[in-house]
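Protein chains in written order, with this note's numbering: chain A, 1 to 105; chain B, 106 to 429; chain C, 430 to 684.
No residue lacks a Cβ here, since even glycine has one placed at the ideal position from N, Cα and C.
Quick caveat, the model's predicted, so the values are computed rather than measured.
The block underneath contains the structure these notes are about, expressed in structure tokens.
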Amino acid sequence: MAERSFPLPDLGEGLIEATILEWLVEPGQWVERNTPLVEVETTKSAVELPSPIAGTVKTTHGEDGDTINVGDTLITFEVADEEAGIVGTVPQEKKKERRVRLSKK
Amino acid sequence: MTEQLSTQKAINTALREILADDAKSLVFGEDVGKLGGVFRVTDGLQTEFGAHRVIDTPLAESGILGMAAGLAMAGHRPIPEVQFDGFAYPAMNQIISQIARTNYRSRGATPMQMVLRIPSYGGIRAPELHGESIEATLAHVPGLKVVSPSNPHQAYHLLRRAHEMPDPVMFMEPKSRYWNRGDVDFENPGDLEGSLVAREGEDLTIIAWGAMVARSLEVAELAAEDDVSIEVVDARWLKPLDEDGLVASVAKTGRAVIVHEAPRTAGLGAEIGQLLTERLWGKLEAPVERVTGYDVPTPAGDLEDEYIPSIDRILFGVQRSLEY
Amino acid sequence: MLRVRSADGTRIALHEVGASDGPRVLMLHGFASSSQSNWVDAGWGRAFEEAGLRGIAMDLRGHGDSDKPRGENAYEVERFKEDVDAALEFIDAVPGEKIGCLGYSMGARLAYRYVGEEPGVFAALALGGLPAGEPFEDIDRQMADAALRGEVEPTGGTEFVVQLAKMLPEADPTTLLDLAFGVARTPFDPSVHPPVSPTLFMTGDKDDRADDTETMVPLLDDARFEPIPGRNHINAITSRKFKAGVIEFLQSHLG
Numbered sequence: 001m002a003e004r005s006f007p008l009p010d011l012g013e014g015l016i017e018a019t020i021l022e023w024l025v026e027p028g029q030w031v032e033r034n035t036p037l038v039e040v041e042t043t044k045s046a047v048e049l050p051s052p053i054a055g056t057v058k059t060t061h062g063e064d065g066d067t068i069n070v071g072d073t074l075i076t077f078e079v080a081d082e083e084a085g086i087v088g089t090v091p092q093e094k095k096k097e098r099r100v101r102l103s104k105k
Numbered sequence: 106m107t108e109q110l111s112t113q114k115a116i117n118t119a120l121r122e123i124l125a126d127d128a129k130s131l132v133f134g135e136d137v138g139k140l141g142g143v144f145r146v147t148d149g150l151q152t153e154f155g156a157h158r159v160i161d162t163p164l165a166e167s168g169i170l171g172m173a174a175g176l177a178m179a180g181h182r183p184i185p186e187v188q189f190d191g192f193a194y195p196a197m198n199q200i201i202s203q204i205a206r207t208n209y210r211s212r213g214a215t216p217m218q219m220v221l222r223i224p225s226y227g228g229i230r231a232p233e234l235h236g237e238s239i240e241a242t243l244a245h246v247p248g249l250k251v252v253s254p255s256n257p258h259q260a261y262h263l264l265r266r267a268h269e270m271p272d273p274v275m276f277m278e279p280k281s282r283y284w285n286r287g288d289v290d291f292e293n294p295g296d297l298e299g300s301l302v303a304r305e306g307e308d309l310t311i312i313a314w315g316a317m318v319a320r321s322l323e324v325a326e327l328a329a330e331d332d333v334s335i336e337v338v339d340a341r342w343l344k345p346l347d348e349d350g351l352v353a354s355v356a357k358t359g360r361a362v363i364v365h366e367a368p369r370t371a372g373l374g375a376e377i378g379q380l381l382t383e384r385l386w387g388k389l390e391a392p393v394e395r396v397t398g399y400d401v402p403t404p405a406g407d408l409e410d411e412y413i414p415s416i417d418r419i420l421f422g423v424q425r426s427l428e429y
Numbered sequence: 430m431l432r433v434r435s436a437d438g439t440r441i442a443l444h445e446v447g448a449s450d451g452p453r454v455l456m457l458h459g460f461a462s463s464s465q466s467n468w469v470d471a472g473w474g475r476a477f478e479e480a481g482l483r484g485i486a487m488d489l490r491g492h493g494d495s496d497k498p499r500g501e502n503a504y505e506v507e508r509f510k511e512d513v514d515a516a517l518e519f520i521d522a523v524p525g526e527k528i529g530c531l532g533y534s535m536g537a538r539l540a541y542r543y544v545g546e547e548p549g550v551f552a553a554l555a556l557g558g559l560p561a562g563e564p565f566e567d568i569d570r571q572m573a574d575a576a577l578r579g580e581v582e583p584t585g586g587t588e589f590v591v592q593l594a595k596m597l598p599e600a601d602p603t604t605l606l607d608l609a610f611g612v613a614r615t616p617f618d619p620s621v622h623p624p625v626s627p628t629l630f631m632t633g634d635k636d637d638r639a640d641d642t643e644t645m646v647p648l649l650d651d652a653r654f655e656p657i658p659g660r661n662h663i664n665a666i667t668s669r670k671f672k673a674g675v676i677e678f679l680q681s682h683l684g
């Protein structure tokens, strides 16, 4: 398993921070891509942030009511070692290994 | 302009340009639209070209290929996808009984211009029917062309070439290589017909395609440590086979090892071996060797390493040829 | 997105939000917002998709992807009603068919007024963050224009309008002032033609811009009020409770 963290994204011109209104997921929960993760409020509006990936939530950073800066870590997922798609895993680059040696006749 | 892309991104780029350049082209299949494909190969295309040109279909391959047949008859140039190799089986009736022979049936009045994209072969630890190598099955059908790229540059240019061809082209993408990056030279495709010498050598020719090209190149590198010079030929076009190109390489080295993931019996290794025997009888230094999958259903992920030709199994094949 | 033409030629942008099929709901956003900001970014697309509701979100004139004509005359309440007519024509609304309407703040006010005069159109009305009076009362155009030029510090209602007009970087503050002053020519009075359709009012219980929503309930034949817990005028739009309340209400009347 691997971890992937995502920062609070840029929410529009000139906004440098946002306040967490309400977490919609909790650690240990499996989420699909685009599942709403959290509601955040800026000085101008409120937005619901969708999950950029599918995975298990490992850590939510910040409590309801906390203010966090754009670019700070918002959420950390535990993900399978790079998933290939709906099934399978991405092949890892391996060092060429062999047991067989060649000899010309 | 040259850019470093993954095979996945190279195919995505080719599809984007085809859709942009050819109003008759359509992309459709399971999850190709909203999701952008299970391998992200069609990522962003629906947003850019709309749900009327990049279409999510029901989970029904016979429907996908039936629709492709009808669209091609009506003069469109469909680019359908079956999500995984093994799911081409439910569409074999449409492929074999309709798509492959409509041009013949109509005495050339109804060409079936289309490219069927098939993420193919094993190597990603997937369950059964997600790692099949069906190239021999397809190559056996008159009326179809079959091509399998081995790297991002080939994937980009062969897909664009396939789209221009007047025949239905089965485009077999090596799914285990989707994430490997390589230079794509957009302006200079190089020769897109026939086979390609991927590495020159003197002592023996390995003929491979798809994901087995990269593995054969690794074998050739290891063989060089043992002072054995191996030429690797990427067959690329599996129907029609580049007979002259394959024969030319083996005529030079005198020895051939054919590598494929598909089961051994009636695989393309047999076809190519027979071709070499016909054309080079008396000039071969050793019988043509085959290193292939076994005559069993392609196993699920956990047994994949036992089934797919490994570096050692290919080296054994090379050694058998050298020792003859 | 698709633009339709309103009676005066202004192009009005309509966005599909939610399921591609199912009961239709016209969505009207608030002042100085947009369909994108009020509904899509706030997660209503996903909520409607899961609920099987097909939202058609209209960018109010002067907002979002709709045209932004200049001058207060372009923003008389009557023009907005014509925009709703154009949107309904696109939706292909047949009288008697069950279409819902969801409005927030100024969009809720427009829905309230529209239904008051066209009682048969909407089978259900969900109104969020709606104050019981005219929010743009007691405003001074000269002071507002001077404030935009940075010449004076606005006061009272004018301060509120100027603050809103300058809020979104992509919006043109002068256009939004035209709009606010155009709309304010016909002050909102909820006792005039109250809607006869079933109506749900929901407002954040910390919303100091609409703290009197509940006082409208007795004016209507079939209305109820539900507070949105813990939310104010800005942040109520993402609330789960708000979405769940609206969806349950719309489903029960449009099914």
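Self-check item: SER464 of chain C beta carbon less than 8 Å from that of MET456 of chain C
Solution: yes
Exercise. Could you tell me which residues DSSP pairs with VAL362 of chain B in its beta bridges?
Key: B:ILE311 and B:GLU394
Quiz item: How would you call HIS157 of chain B, buried or exposed, if buried means at least 16 neighbouring beta carbons within 10 angstroms?
Solution: exposed
Exercise. Compare the C-beta of TRP284 of chain B against all C-beta atoms of chain A and say whether one is closer than 8 Å.
Key: yes
Quiz item: Among A:GLU93, A:ILE53 and A:LEU24, which residue has its Cα nearest to the Cα of SER281 of chain B?
Solution: A:GLU93
Quiz prompt | ASN285 of chain B - DSSP class collapsed to helix/strand/coil | solution = coil
Quiz item: For VAL333 of chain B, is the classification buried or exposed, using 16 other Cβ atoms within 10 angstroms of its Cβ as the cut-off for buried?
Solution: buried
Exercise. Examine chain B for any beta-carbon lying closer than 8 Å to the beta-carbon of LYS95 of chain A, and answer yes or no.
Key: no
Quiz item: Anyone know if the C-beta pair for ARG222 of chain B and GLU278 of chain B falls short of 8 Å?
Solution: yes
Quiz item: Which ranges would you report for the beta strand (DSSP E) in the region 197-271 of chain B if only whole runs of at least 3 residues count?
Solution: 219-225 and 250-252
Practice problem: Assign LYS106 of chain A to one of two classes, buried (16 or more other C-beta atoms within 10 Å of its C-beta) or exposed (fewer than that). | Solution: The structure shown does not extend to residue 106 of chain A, since chain A is modelled only from 1 through 105, so no value can be given for it.
Quiz item: Of all Cβ atoms in chain C, is any one closer than 8 Å to the Cβ of ALA54 of chain A?
Solution: no
Quiz item: Do TYR533 of chain C and GLY558 of chain C have their CB atoms nearer than 8 Å?
Solution: yes
Quiz item: Excluding five sequence neighbours on each side, which residues of the same chain lie with their C-beta closer than 8 Å to the C-beta of VAL423 of chain B?
Solution: LEU309, ILE311, VAL324, ALA328, VAL333, ILE335, VAL362 and GLU394
Exercise. Compare the C-alpha of PRO224 of chain B against each of B:ARG266, B:GLY315 and B:LEU164 and name the closest.
Key: B:GLY315
Quiz item: Since LEU124 of chain B is in the beta strand (DSSP E), which residue starts that stretch and which ends it?
Solution: No beta strand (DSSP E) holds LEU124 of chain B; the alpha helix (DSSP H) holding it covers 112-126.
Practice problem: State yes or no: is the beta carbon of ARG4 of chain A nearer than 8 Å to at least one beta carbon in chain B? | Solution: no
Quiz item: In terms of residue numbering, what span does the beta strand (DSSP E) encompassing GLY557 of chain C cover?
Solution: 551-557
Quiz prompt | First through last residue of the alpha helix (DSSP H) which encompasses PRO619 of chain C | solution = Counting along the chain, PRO619 of chain C falls outside any alpha helix (DSSP H), and DSSP gives it neither H nor E.
Quiz item: In chain order, what residues of the region 256-283 of chain B put their CB closer than 9 Å to some CB of chain A?
Solution: LYS280, SER281, ARG282 and TYR283
Quiz item: Can you name, in chain order, every residue of its own chain whose Cβ lies under 7 Å from the Cβ of ILE657 of chain C, other than the five neighbours on each side?
Solution: MET631, THR632, GLY633, ASP634, ALA665, SER668, LYS670 and PHE671
Quiz item: When burial is assigned at 16 or more other CB atoms within 10 Å of the CB, is ALA386 of chain B buried or exposed?
Solution: The sequence given here places Trp at residue 386 of chain B; Ala does not occur at that position. It is exposed - the Cβ of TRP386 of chain B has fewer than 16 other Cβ atoms within 10 Å.
Self-check item: Proximity to PHE589 of chain C [Cα-Cα], best of C:GLU580, C:LYS510 and C:ASP567
Solution: C:ASP567
Quiz item: What is the DSSP secondary structure of MET106 of chain B, reduced to helix, strand or coil?
Solution: coil
Quiz item: At a Cβ threshold of 8 Å, is MET21 of chain A touching chain C?
Solution: The sequence shown places Leu at residue 21 of chain A, rather than the Met named in the question. By this cut-off, LEU21 of chain A is an interface position.
Quiz item: Is the beta carbon of SER478 of chain C sitting closer than 8 Å to the one on GLY529 of chain C?
Solution: According to the sequence as given, residue 478 of chain C is Glu; it is not Ser. Their beta carbons are not under 8 Å apart, which means GLU478 of chain C does not touch GLY529 of chain C by this criterion.
Quiz item: CA-CA distance, LEU234 of chain B and TYR226 of chain B?
Solution: 10 Å
Quiz item: Using a Cβ-Cβ distance under 8 Å, would ILE528 of chain C count as near chain A?
Solution: no
Practice problem: Determine the DSSP secondary structure at LEU176 of chain B, reduced to helix, strand or coil. | Solution: helix
Practice problem: Taking GLU278 of chain B as part of the beta strand (DSSP E), name the residues at either end of that continuous run. | Solution: 273-279
Exercise. Flag this pair as touching only if the region 675-682 of chain C and the region 478-495 of chain C have three or more C-beta atom pairs under 8 Å; answer yes or no.
Key: yes
Quiz item: Can you give the beta carbon distance from PHE610 of chain C to GLU501 of chain C, rounded, assuming they're within the 8 Å contact cut?
Solution: 5 Å
Exercise. In angstroms with no decimal places, state the Cα-to-Cα distance between ARG304 of chain B and THR370 of chain B.
Key: 28 Å
Self-check item: Straight-line Cα distance separating VAL57 of chain A from TRP30 of chain A
Solution: 6 Å
Quiz prompt | Which of helix, strand or coil DSSP assigns to SER103 of chain A | solution = coil
Quiz item: Going by the C-beta, is SER238 of chain B closer than 7 Å to any heavy atom of the ligand ZN?
Solution: Among the components modelled here there is no ligand, and therefore nothing to report on the ligand ZN.
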